[in-house]
Amino acid sequence: MWSTDWAARAACREIDPDSLFVQGAAQNRAKLICRGCPVRTECLADALDNRIEFGVWGGMTERERRALLRRRPEVTSWRALLEDARQRYQRVETTRDELVTG
Numbered sequence: 001m002w003s004t005d006w007a008a009r010a011a012c013r014e015i016d017p018d019s020l021f022v023q024g025a026a027q028n029r030a031k032l033i034c035r036g037c038p039v040r041t042e043c044l045a046d047a048l049d050n051r052i053e054f055g056v057w058g059g060m061t062e063r064e065r066r067a068l069l070r071r072r073p074e075v076t077s078w079r080a081l082l083e084d085a086r087q088r089y090q091r092v093e094t095t096r097d098e099l100v101t102g
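Take the sequence shown: its letter number 6 is residue 6 in full-length UniProt numbering, and every next letter is one higher.
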């Protein structure tokens with residue numbers, strides 16, 4: 001299920017925001033904060049849809065997001081794309097689990 005209040009549930013909500021707006025190797029450390037975040041996808045979709053230029057969002061740096069936006073210029077809503085992908089993945093997982101437990 002897509003979380004519309006994702007910022008309140010984000011793994012980074014209680015850390016210093018400046019730690020997500022860093023450069024160089026520090027960006028890799030910032031991305032680690034996102035690794036287990038329950039709303040990582042929502043955060044990334046918001047950053048992509050709003051063309052946020054700075055900081056680590058959804059586990060991606062600004063450079064990585066720009067590259068993704070260049071590769072997929074036809075995407076008009078990252079939220080819709082990522083939400084649909086999540087739903088399809090969950091349906092496949094549910095079907096797989098049902099087949100395994102039979």
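For each residue, glycine too, the CB sits at the ideal point set by N, CA and C.
Which same chain residues, not among the five before or five after residue i, have their C-beta less than 6 Å away from its C-beta?
| i | result |
| --- | --- |
| residue 45 | 78, 79 and 82 |
In or out: residue i buried (at least 16 other Cβ within 10 Å) or exposed?
| i | result |
| --- | --- |
| residue 58 | buried |
| residue 93 | exposed |
| residue 20 | buried |
| residue 98 | exposed |
| residue 48 | buried |
| residue 14 | exposed |
| residue 116 | The structure shown does not extend to residue 116, since the chain is modelled only from 1 through 102, so no value can be given for it. |
| residue 39 | buried |
| residue 88 | exposed |
Going by DSSP in three states, residue i sits in which element: helix, strand or coil?
| i | result |
| --- | --- |
| residue 57 | strand |
| residue 28 | helix |
| residue 4 | coil |
| residue 77 | coil |
| residue 16 | coil |
| residue 39 | coil |
| residue 10 | coil |
| residue 96 | helix |
| residue 23 | coil |
So, for residue i: in the same chain, excluding its five sequence neighbours on each side, which residues have a beta-carbon less than 7 Å away from its beta-carbon?
| i | result |
| --- | --- |
| residue 72 | none |
| residue 69 | 48 |
What distance in whole Å lies between the Cβ atoms of residue j and residue i, which are believed to be in contact at a cut-off of 8 Å?
| i | j | result |
| --- | --- | --- |
| residue 36 | residue 8 | So it is not a contact: roughly 17 Å between Cβ atoms. |
| residue 30 | residue 56 | 4 Å |
Given 7 Å as the limit, tell me if residue i has its C-beta closer than that to any heavy atom belonging to the ligand NAP.
| i | result |
| --- | --- |
| residue 76 | As for the ligand NAP, it is missing from this structure, which has no ligand bound. |
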